[in-house]
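The next block holds one structure in the form of structure tokens; read it before the comments.
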């Protein structure tokens with residue numbers, strides 16, 4: 302059986318219950334495995350970021366898409382905003398100059414390579430430290 306990909310934390314919420322002199326902390330994690338048949342439900346932001354990765358670097362393969370993913374993450378960190386906010390900001394990615402993000406998603410989501418782009422988008426959101434550094438800090 303082939304390993305479908307790395308585990309990721311999709312949702313992390315911490316809350317406390319206060320009771321007679323006792324504080325109980327709960328942390329809820331929703332864990333998934335990325336890959337076909339894994340039950341992975343991508344968020345809207347991950348889908349749109351994956352579509353931008355495809356539009357910007359599909360012809361360069363996974364290495365090219367990874368470099369673009371790192372640029373998106375670096376810009377998100379620098380601006381203290383989400384990767385979705387980065388890719389949908391006016392003028393940031395030319396693939397969105399004359400179309401909508403939803404149209405871009407429809408254009409690429411049916412292609413087999415979209416699964417790799419979606420995994421990268423999930424890494425951007427959930428485990429950016431696992432990105433390999435192809436963009437060299439760009």
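Numbering (our numbering), first residue to last: 302 to 439. Glycine included, C-beta positions come from ideal geometry on N, C-alpha and C. Please read these numbers as outputs of a predicted model, since none were measured by experiment.
Hey, residue i and residue j are a contact pair by Cβ (cut 8 Å); roughly how many whole angstroms apart?
| i | j | result |
| --- | --- | --- |
| residue 419 | residue 343 | 6 Å |
Does the beta-carbon distance from residue i to residue j come in below 8 Å?
| i | j | result |
| --- | --- | --- |
| residue 426 | residue 348 | no |
| residue 394 | residue 353 | yes |
| residue 346 | residue 383 | yes |
| residue 404 | residue 350 | no |
The alpha helix (DSSP H) that contains residue i, what's its start and end?
| i | result |
| --- | --- |
| residue 392 | Counting along the chain, residue 392 falls outside any alpha helix (DSSP H), and DSSP gives it neither H nor E. |
| residue 402 | 402–409 |
When the Cα atoms are used, what is the spatial distance from residue i to residue j?
| i | j | result |
| --- | --- | --- |
| residue 377 | residue 364 | 20 Å |
| residue 386 | residue 417 | 21 Å |
| residue 400 | residue 389 | 11 Å |
| residue 361 | residue 381 | 28 Å |
Could you work out which residue in the options is closest to residue i when comparing CA atoms only?
| i | options | result |
| --- | --- | --- |
| residue 412 | 346, 355, 421 | 355 |
| residue 432 | 381, 375, 362 | 375 |
| residue 358 | 430, 391, 396, 402 | 396 |
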